[in-house]
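In what follows, a single structure is set out as C-alpha cells and then discussed.
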Amino acid sequence: MSTENVSVNFKCPKCGCAIISLPDDHTDESHAACKECGADFGPYGDIKKRAVDLVKSEVNRTIKEAFKGVKGFKIT
Ligand SMILES: [Zn+2]
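Using our numbering, the first residue of the sequence shown is number 9, and each one after it goes up by one.
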C-alpha cells in the first residue's frame, strides 16, 4: 500500500482524515480509501478532479476577495 496526500481541503467525511490510501499500482480507476477509517472515496481519478475543482474555487474566492471594492473590477 502507498499513501498519497491530496489534502487540498480534501477530508474524509467520516473521520476528517485527509490522507487517502491507494494500492501500489493504482490507476485513476482504483478506488481510494481513507487511511484512518477505510471509508471508500471512489475512483482516484474522480478524487483528483474534485481536488482540482476545490483548489480552483478556493483561488477564485481569494481573488474575488482581493479585488472586492475595486471600482470597475468584476469577476464572474
Ligand atoms: Zn476516514
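Built from N, CA and C at the ideal position, the CB exists for glycine as well.
The structure displayed is predicted, hence computed values, not measured ones.
Inter-residue spacing [alpha-carbon to alpha-carbon] between residue i and residue j
i	j	result
E37	G80	45 angstroms
P31	A40	8 angstroms
I71	R58	20 angstroms
C45	K76	41 angstroms
E73	V63	15 angstroms
C25	R69	24 angstroms
S29	V78	44 angstroms
C42	I27	6 angstroms
D61	D54	11 angstroms
Three-state secondary structure assigned by DSSP to residue i
i	result
A40	strand
S61	Correcting the residue type first, residue 61 is Asp in the shown sequence and not Ser. D61 falls in the helix class under three-state DSSP.
G46	coil
Beta-carbon proximity list for residue i, same chain, < 6 angstroms, skipping 5 on both sides
i	result
A47	C20, K22
Reference residue i; option with closest CA among the options
i	options	result
H34	A26, G50, C25	G50
Practice task
Using the beta-carbon of each residue, find all residues closer than 6 angstroms to any heavy atom of ligand 1 and list them in chain order.
Solution key: So the residues near ligand 1 by this Cβ test are C20, K22, C23, C25, C42, E44, C45, A47.
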